[in-house]
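Shown next, in structure tokens, is the structure this report addresses.
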Amino acid sequence: MPRTSAHIEKVMEVTSSPSAAARSRLAASWRRSVDKHGLDPAHNRGPERVEGSHLRDRLEQFDKFMTVASPRLDRLFGLVGQSGCAVLLTDNDGVILDQRFSEADAPVFAAWGLSVGADWSEAREGTNGIGTCLAEQRRVIIHRDEHFLARNTAMSCIDAPIFGAEGQILAALDVSSARADQTEGFNRLIGAQVAQTARAIEEANFRASFAGARIVVAESEDAEAATLLAVDDHDLVIGATREARRAFGLNMQGALTPRPAADILGREDGPTGFEKAERAAVIRALARAEGNVSQAARALGIGRATLYRRMKRLGLGD
């Protein structure tokens, strides 16, 4: 109880400061929790839940995305599950759609309200990994006392955003820990894996959304972001990930107006030249397929004969 009281006093002190929010992202989130969402750090209710037909509608809306994400959630849980962590996937509102945790840890996560249908938006729970990740659209680690509500300060939450095929915020990937001895250093290690998995889900979802196009992997200053362009048979760019939109000055959200790939990537000899980007994508596909042209063509979403023609044009021998 003394620790809970101390946390509440600290939150109220920070949110009362006129300058704290400008100095700290955490303080800015706490301030939003009070001023924008009208929350009280002492409030002890559990998360609100979406249930019945409303939850089924959300699950149906995200069905294809969750099919793409599921095997990657399994792999992530395989890495962190034995250390007392849960893997959670939410929609863009912060409602949990899928989860992975061990049976031994299930009672703890259930008591915290970390289960399918629970609403962990910042508007409902204040500063927390899921809600703050979605609100700020960036990777976050909210460790124990950094949570807004005193009832949530026993957990550590590590999150990364997932952006949709049209650049919109689509989901949050969360790893929450039930361990009392979880350290900030261990959180950072998990955070790197969460970010890598979020990127893999984002890439797979983008490829699935443009299954009939060839995917060009472009260079970017952000090595942790998926920088992909979808190009049709007429060499028109018809899709781009969020990072690709930022890198090439495209609209950050919404369907793209098809534009010639040469106009976007350029045809100069520099690192953003279209031929160089396309050649690199073909080489990577062939390497992953160990030289099997048919398999590489399937990975690129084109026919075997088309790939042979492009290999010839790009100066790639048999």
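In the numbering used here, the protein residues as written are 660 to 977.
Idealized CB from N, CA, C, for every residue including glycine.
Computed from a predicted structure; not experimentally measured.
Thinking C-alpha only, which one of the options is nearest residue i?
| i | options | result |
| --- | --- | --- |
| residue 881 | 788, 900 and 895 | 900 |
| residue 862 | 874, 669 and 766 | 874 |
| residue 839 | 815, 827 and 849 | 815 |
| residue 868 | 727, 945, 833 and 894 | 727 |
| residue 747 | 956, 939 and 820 | 820 |
| residue 770 | 851, 947, 705 and 698 | 705 |
| residue 823 | 837, 916 and 859 | 859 |
| residue 972 | 938, 947 and 841 | 938 |
| residue 883 | 908, 688 and 852 | 852 |
| residue 812 | 784, 833 and 832 | 784 |
| residue 855 | 898, 682, 735 and 951 | 735 |
Mind checking whether the beta-carbon of residue i lies closer than 7 Å to any heavy atom of the ligand SAH?
| i | result |
| --- | --- |
| residue 878 | What this structure holds is no ligand at all, so the ligand SAH is not there to describe. |
Between residue i and residue j, is the Cβ-Cβ spacing less than 8 Å?
| i | j | result |
| --- | --- | --- |
| residue 857 | residue 877 | no |
| residue 760 | residue 788 | no |
| residue 778 | residue 707 | yes |
| residue 702 | residue 808 | yes |
| residue 817 | residue 772 | no |
| residue 953 | residue 963 | yes |
| residue 758 | residue 780 | no |
| residue 981 | residue 670 | The chain is shown only over 660 to 977; residue 981 falls outside these bounds and no answer can be derived. |
| residue 688 | residue 786 | yes |
| residue 945 | residue 955 | yes |
Name the DSSP bridge partner or partners of residue i?
| i | result |
| --- | --- |
| residue 1038 | Since the first residue shown for the chain is 660 and the last is 977, residue 1038 is missing from the structure and cannot be characterised. |
| residue 799 | 818 |
| residue 699 | Partner(s): none; residue 699 has no beta bridge. |
| residue 969 | In the DSSP output, where bridge partners are listed per residue, residue 969 has none listed. |
| residue 708 | 777 |
What are the complete beta strand (DSSP E) segments, minimum 3 residues, inside the stretch 872-939? 873-876, 887-890 and 895-899
Give a yes or no on contact between the stretch 824-837 and the stretch 751-759, applying the rule of three or more CB pairs nearer than 8 Å. yes
Start-end ranges of the beta strand (DSSP E) lying completely within the stretch 808-880, minimum 3 residues: Listed in chain order, they are 815-822, 828-836 and 873-876.
Can at least three beta-carbon pairs, one atom from the stretch 764-774 and one from the stretch 890-900, be found at a separation below 8 Å? Not touching, per the Cβ criterion.
If contact is defined by three or more beta carbon pairs under 8 Å, each pair taking one atom from either stretch, is the stretch 794-811 in contact with the stretch 713-732? With a cut-off of 8 Å on Cβ pairs, the stretch 713-732 is not in contact with the stretch 794-811, counting fewer than three such pairs.
Are there three or more Cβ pairs, one per stretch, closer than 8 Å when the stretch 785-792 is compared with the stretch 801-820? yes
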